[in-house]
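Count the sequence shown with our numbering and you get residues 1 to 392, in order. C-beta atoms are modelled at their ideal positions from N, C-alpha and C, and glycine is treated no differently.
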Amino acid sequence: MNPLVQRMRPFGTTIFAEMSALATRTGAVNLGQGFPDTDGPAEMLTAAAEALRCGHNQYPPGPGLPVLRTAVAGHQRRFWGLDYDPDREVLITAGATEAITAAILALCEPGDEVICFEPYYDSYAAAIALAGAVRRPVTLRPDGDGRYAFDPATLRAAFGPRTRMVLVNSPHNPTGKVFTPTELTTIAALCNEHDVWAISDEVYEHLVFTDADAPHIPLATLPGMRDRTLRVSSAGKTFSCTGWKIGWASGPPSLVAATTQVKQFLTFVNGGPLQPAVAVALDLPDSYYTALRDGLQAQRDQLVAGLSAAGFRVLVPEGTYFTTADISALGGTDGIEFCRSLPQRCGVVAVPTQVFYDDSEAGRLLVRFAFCKRPEVIAEATRRLSALRRRR
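Here's what the structure looks like:
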């Protein structure tokens, strides 16, 4: 007898764990899971070591250390012009995943509906299921220019009397899409019209490339959205410390208080000695953020060129760590089968994006590669992938 509750049975081992284990087992180059292979800024690492030695090893306050909440608020004011009270409108969490999960559990009753854009990060679907809520996906599809977009009429039709929230991720994982001002205005107008909450996952906020159509725009900056949006981000991607799991949620006091009430029964608190170090990182000069973006843009261009040379049709991302590619020109007909066979065929691991869709047919021919790796790793991966074209 399977003891697992029915609503969680569709969720097995995450695709990231499966593909990383496959990379380890086969010795393949892992371009599947989105973690960097370099450490974060030296100032942050030094601050963490100092905190370990200087008494930050016990429980921090439930909402997070004041020094980090103040740094988060200052960072959002500095970059996005958003003014949050660090005592009432900022919550420190165990990564962005916990912030999103706690918010969904706090705000959704069973049967409430959550609109999200597919392909979606896999934890979204699991969190919605845990709350007993219902997923209402709106599909992002490549347009004629090879960029992902949604149909505004389809989004409008997804709203109904049970709609509780909209979950937006921009810059978007796994597609690398940056939502345009027009798209964000459409989303904001519908949230205001239907009086629903928004959760805005912005963990890649500093990873928007210079050739994107538009810069990153936080959803909370749009008219009417400051008081209905929970803005989520984290240190992992911006400071190359994904294993630290230090995230935060910012928003109006009512949303932060509701999220806090659930979060305290999940991890309670986390990362005491790491929180002051992230506060140091958030205060780094603009040159750090520019260098991070430029370095990742160069790695993106390197991977895109290598994938194109190997025969993939590449959808060039506007941000994040990831690019998606169509496998049909290489004879692929199913992304899951393609990715499971790839390590044996050429010694590289990727992730099939169809697992992030309710409409799996929409993503059946697409796979995701991560370029948050050292240039020499990307060079070796693309050298191996070039064997796919030679075998056609």
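- DSSP, reduced to helix, strand and coil, places residue 59 outside both helices and strands of the structure shown, so it counts as coil.
- The beta-bridge partner set that DSSP reports for residue 306 is empty.
- Under the DSSP assignment, residue 118 falls in the beta strand (DSSP E) whose first and last residues are 113-118.
- For residue 81, no alpha helix (DSSP H) segment is defined, and its DSSP state is neither H nor E.
- For the set 196, 349, 321 and 365, the Cα lying nearest the Cα of residue 332 is the one of 365.
- Residue 92 is positioned such that its CB atom lies no closer than 8 Å to that of residue 124.
- Our two residues, residue 194 and residue 116, have alpha carbons roughly 15 Å apart in a direct line.
- Looking at the DSSP output, residue 165 shares a beta bridge with 114 and 197.
- Residue 270 holds the alpha-carbon nearest to the alpha-carbon of residue 61 among 77, 270 and 345.
- Rounded to whole angstroms, residue 74 and residue 276 show a C-alpha spacing of 14 Å.
- Taking residue 45 as reference, the option from 265, 239 and 380 with the minimal CA-CA separation is 239.
- DSSP, reduced to helix, strand and coil, places residue 5 outside both helices and strands of the structure shown, so it counts as coil.
- In the three-state scheme derived from DSSP, where H, G and I count as helix and E and B as strand, residue 238 is classed as coil.
- Ranking 319, 287, 284 and 290 by CA distance to the CA of residue 301 puts 319 first.
- Residue 343 is bridged by DSSP to nothing; it lacks a bridge partner.
- In the three-state DSSP reduction, residue 322 falls in the strand class (E or B).
- Residue 237 and residue 35 have their C-alpha atoms some 8 Å from each other.
- Residue 234 is not a Cβ neighbour of residue 217, given a cutoff of 8 Å.
- Straight-line measurement puts the Cα of residue 283 at about 11 Å from the Cα of residue 70.
- In the displayed model, residue 243 falls within coil according to three-state DSSP, outside both helix and strand.
- Between residue 389 and residue 29, the CB-CB gap reaches or exceeds 8 Å.
- By the neighbour-count criterion, in which a residue is buried when 16 or more other Cβ atoms sit within 10 angstroms of its Cβ, residue 6 is exposed.
- Secondary structure at residue 16: helix, using DSSP grouped into helix, strand and coil.
- In the structure shown, residue 170 adopts coil according to DSSP, grouped into three states.
- The C-alpha of residue 210 is placed about 31 Å away from the C-alpha of residue 197.
- Comparing alpha carbon positions, the residue from 165, 103, 171 and 108 closest to residue 249 is 103.
- In the three-state reduction of the DSSP assignment, residue 351 falls in the strand class.
- Excluding residues up to 5 positions away in sequence, 314, 316 and 323 lie with their Cβ nearer than 7 Å to the Cβ of residue 304 in the same chain.
- Contact between residue 353 and residue 174 is confirmed by a C-beta separation of about 5 Å, below the 8 Å threshold.
- Taking C-alpha positions only, residue 377 is separated from residue 31 by approximately 9 Å.
- Counted as a single uninterrupted DSSP element, the alpha helix (DSSP H) harbouring residue 255 occupies residues 253-263.
- Listed as beta-bridge partners of residue 328 by DSSP are no residues whatsoever.
- In terms of Cα proximity to residue 219, the closest of 181, 380, 253 and 63 is 181.
- In this structure, residue 106 lies near residue 259, with their beta-carbon atoms less than 8 Å apart.
- Between residue 168 and residue 136, the CB-CB gap reaches or exceeds 8 Å.
- Residue 65 and residue 272 have their C-alpha atoms some 8 Å from each other.
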